Amino acid sequence: MESNNKQPNVPVRIAVCNQKGGVGKSTFTTLLASHLHYSLGRDVLVVDCDYPQWSIHAQRERELAAVEQSDYYKLMMVRQFRQTGRKLWPVVRCMPADAGTEVGRFLSSSGYRPSIILYDLPGTVNAEGVIGSLSSLDRLFVPMKADKVVMESTLSFARTLHLTLVQNGAVRLAGVHLFWTMIDRRERTPLYGQYEEVIRQLGLPLMRTHVPYRSKFNKELLADGTGVGRSTLLAPERSFAADAQLDALASEILSILNMTDNG
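Dropping the structure here:
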């Protein structure tokens, strides 16, 4: 079932998700939210359902506290606002089972109209409310790395969702899309080709973008002159977004969502 991403005033709902930890689920959610919102001018809402750590909401709180203590950060935020006119993307913290209710309450009370809602969900589909949240999404983007243990878990996860949700005509979810991450460009491994053949045989969509490993993925506000990496307050620095293939990833996601007209 194809989701209708062109319905007026209906936000597209997506998630970066994997049941295997250590592949950057919350990191990519934050990076994509900030790049889409601050750099590309898309109105974004992030729903942090990743109980109990709620890492994106916690990062936002840390960053706001850091800004209060730093004239450098204050200046960066003022400059960004003057250049883009973009306010901070909002984040709703809730349990997975309450996501639909809490998002509805936030939208009705705030008047904010996002074009894209990104959900950060727990890694396990066994947590209460996760399957319901996944069923309500339009698309799911699954990061993976060329590690046998990670790939076995990832392919099982993606295949199960493809069979039980994507191919269920009564469910909103229209696609589960895999993409490579944590690639070491110096490494030569046959695993990529081997796993891509398995992915093709399973009938799972594989994205073109390959994301290399970059240390800034794990660094928050940087005041050392090397530019912004992962931040909920500021756009990723342009050279970092290009080098880390973040701009290519966002562009491919927008194409999959049929949102390349900047509308």
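In my numbering, the protein residues as written are -13 to 249.
Ideal Cβ positions, reconstructed from N, Cα and C, are used throughout, including at glycine.
Please read all numbers here as calculations on a predicted model, not as lab measurements.
Neighbourhood of residue i by C-beta, 8 Å cutoff - its chain only, sequence neighbours within 5 removed
i	result
Tyr98	Asp29, Leu31, Pro76, Phe92
Thr110	Gln5, Val116
Leu123	Arg(-1), Ile0, Ala1, Tyr105, Arg158, Leu159
Asn(-5)	Arg99
Element boundaries [alpha helix (DSSP H), containing residue i]
i	result
Tyr58	57 to 70
Tyr181	177 to 188
Met137	134 to 147
Arg224	224 to 229
Arg91	85 to 96
Val116	116 to 121
Where the beta strand (DSSP E) through residue i begins and ends
i	result
Tyr313	This structure leaves residue 313 out entirely; the chain is present only between -13 and 249.
Phe127	125 to 130
Leu192	192 to 198
Val77	77 to 79
Cross-strand partners of residue i (DSSP beta bridge)
i	result
Ala1	Tyr105, Leu126
His163	Phe127
Ile42	Its beta-bridge partners do not exist; DSSP assigns none.
Ile169	Pro198
Sequence-distant residues of its chain with Cβ nearer than 7 Å to residue i (five each side left out)
i	result
Gly7	Gly109
Phe14	Val2, Pro129
Below-9 Å beta-carbon distance, residue i vs any chain D residue
i	result
Gly115	The question asks about chain D, but that chain is absent: this structure has only one protein chain.
Neighbourhood of residue i by C-beta, 6 Å cutoff - its chain only, sequence neighbours within 5 removed
i	result
Tyr178	Ala132
(request) Evaluate the contact criterion for the segment 50 to 63 versus the segment 137 to 157: three or more CB pairs, one atom per stretch, below 8 Å. (result) no
(message) Tell me whether the segment 31 to 49 and the segment 67 to 83 touch, counting them as touching only if at least three CB pairs, one residue from each stretch, are closer than 8 Å.
(response) yes
(message) Whether or not the segment 177 to 185 and the segment 228 to 236 are in contact is what I'm after, with contact meaning three or more pairs of Cβ atoms, one per stretch, closer than 8 Å; do they touch?
(response) no
(request) Specify whether the segment 81 to 90 and the segment 42 to 58 touch according to this definition: at least 3 beta carbon pairs, one from each stretch, less than 8 Å apart. (result) no
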